[in-house]
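Residue numbers (this note's numbering): 67 to 380.
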């Protein structure tokens, strides 16, 4: 009888049996679908299915109480013949354009300023202060600023009166209502764009900046010839995201002004809301929703097309 001889060489105890799954092993396809199934279910339930239902309802007349009746293209004919549509679209585009310009420029300047702060505590406090308003709900922000800008007892009116400057009627004067909403939106959401800009600014290689300084470039030349080109993908992303969010503005206009005065602050989404949930014209509201989708998609495609001419890809 032969006794088994154990391997006493160093490292022998650390060896493991060869795994049947070698480097060429590929997991079954169902495993991948199982991992993405929760996201797919959420997308279908909350995005895909409502989108298809909205397309279908745009061709029906329905008031939520009686059975839906086929309407053909009547909702779209009614939409494009509505005299209010042009004013609503103009207001929404003005707000979106102003939001994009103020957010991108303002956030970039704030990111440049705070990125230069050497003290880490002061820098952290400044970043947190700028981002904090973004965490507050639109309802709270709207009520806060409605009180602050009140011409009778608001803080702004009080200090303007101390300077013998008459306070405008911010939310009842058509000349001031939309600029006031734009300013409130800037205060509330600039922190999000600021974080994006700060992250993009910190990806600019210091070596290139130092090389430009060594070659005698001024701060302005470095900003326009080094910083801006390298940050162009970040600027493009911020522009697209800001426009999409601004074009769907609803909360402050609904809470503060109700779309007034004289429909001067009525956005396209607020127009959709009033049509669908106050007038109960669901088919017409679905047609408005499709118009919003087409406009946002069209502007986004144009932005991507134009980005080929000014966005620098490293």
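By construction, the Cβ of each residue, glycine as well, lies at the ideal position given by its N, Cα and C atoms. Only a predicted model underlies this, so the values are computations on that prediction, with no experimental measurement involved.
### Task
Sort 232, 162 and 294 by Cα distance to residue 270 and report the nearest one.
Checked all of 232, 162 and 294; the closest Cα to residue 270 is 294.
### Query
Between 279, 162 and 255, which lies nearest to residue 365 when the distance is taken from Cα to Cα?
Out of 279, 162 and 255, the CA that lies nearest to the CA of residue 365 is found in 162.
### Message
So, for residue 155: in the same chain, excluding its five sequence neighbours on each side, which residues have a beta-carbon less than 7 Å away from its beta-carbon?
### Response
For residue 155, the CB contacts under 7 Å within the same chain, skipping 5 residues up- and downstream, are 334 in chain order.
### Query
Going by DSSP, which residues form a beta bridge with residue 126?
Looking at the DSSP assignment, residue 126 forms a beta bridge with 136.
### Task
Compare the C-beta of residue 165 against all C-beta atoms of chain C and say whether one is closer than 8 Å.
The question asks about chain C, but that chain is absent: this structure has only one protein chain.
### Message
For residue 131 and residue 372, I'd like the C-alpha separation in whole angstroms.
### Response
Near 46 Å, if we compare the C-alpha coordinates of residue 372 and residue 131.
### Query
If we count the other Cβ atoms within 10 Å of its Cβ and call it buried at 16 or more, is residue 256 buried or exposed?
When all chains shown are included, residue 256 counts as buried.
### Message
So for residue 230, helix, strand or coil by DSSP?
### Response
Coil.
### Message
Can you tell me whether residue 280 is buried or exposed? The criterion is at least 16 other CB atoms within 10 Å of its CB, across all chains shown.
### Response
With fewer than 16 other Cβ atoms within 10 Å, it is exposed.
### Segment limits, alpha helix (DSSP H) that includes residue 161
Boundaries of the alpha helix (DSSP H) around residue 161: 149-181.
### Task
Assuming residue 312 contacts residue 263 (C-beta within less than 8 Å), just tell me the rounded distance between them.
Here residue 312 is actually not in contact with residue 263; their C-beta atoms are around 17 Å apart, not less than 8 Å.
### Query
Touching or not, the stretch 306-321 and the stretch 245-255, by the rule of three or more beta carbon pairs under 8 Å?
These segments touch.
### Message
So, with DSSP's three-state summary, where would you put residue 272?
### Response
It is helical.
### Task
Just the C-alpha distance for residue 353 and residue 160, rounded to the nearest angstrom, thanks.
Taking the Cα positions, residue 353 is about 22 Å away from residue 160.
### Task
Give me the Cα-Cα distance between residue 233 and residue 212, rounded to the nearest whole angstrom.
Per the coordinates, the alpha-carbon of residue 233 lies some 14 Å from the alpha-carbon of residue 212.
### Query
Any idea what DSSP makes of residue 320, helix, strand or coil?
Residue state, collapsed to three classes: helix.
### Query
Start and end of the alpha helix (DSSP H) containing residue 186?
Residue 186 -> alpha helix (DSSP H) spans 186-197.
### Task
Decide if residue 141 is buried, meaning its Cβ has at least 16 other Cβ atoms within 10 Å, or exposed.
Classification for residue 141: buried.
### Task
Give the single residue among 337, 284, 169 and 224 whose Cα lies nearest to the Cα of residue 310.
Minimum Cα distance to residue 310 is reached at 169.
#### Entry: Boundaries of the alpha helix (DSSP H) in which residue 218 is found, first to last residue
It is not in any alpha helix (DSSP H) - residue 218 carries neither H nor E in the DSSP assignment.
### Query
With DSSP run on the structure shown, which of helix, strand or coil describes residue 357?
Reduced to three states, the DSSP call for residue 357 is helix.
### Query
Thinking just about the alpha-carbon of each residue, which of 93, 355, 307 and 120 is nearest to the one in residue 369?
Of the listed residues, the one whose Cα sits closest to residue 369 is 307.
### Task
Can you tell me the Cβ-Cβ gap for residue 157 and residue 331, rounded? I've got them flagged as a contact below 8 Å.
Correct: roughly 7 Å between the Cβ atoms.
### Message
Going by DSSP in three states, residue 347 sits in which element: helix, strand or coil?
### Response
In the three-state reduction of the DSSP assignment, residue 347 falls in the coil class, being assigned neither a helical nor a strand state.
### Message
With H, G and I counted as helix, E and B as strand and the rest as coil, what does DSSP make of residue 374?
### Response
In the three-state reduction of the DSSP assignment, residue 374 falls in the helix class, which pools H, G and I.
### Message
For residue 195, count the other beta carbons within 10 Å of its own beta carbon; 16 or more makes it buried, fewer makes it exposed. Which is it?
### Response
The Cβ neighbour count for residue 195, taken over all protein chains shown within 10 Å, is under 16; the residue is labelled exposed.
### Query
For residue 300, does the count of other Cβ atoms within 10 angstroms reach 16, so buried, or fall short, so exposed?
Buried, since its Cβ has 16 or more Cβ neighbours within 10 Å.
### Query
Just to confirm, are residue 123 and residue 324 a CB contact at a threshold of 8 Å?
No, the Cβ-Cβ distance between residue 123 and residue 324 is not below 8 Å.
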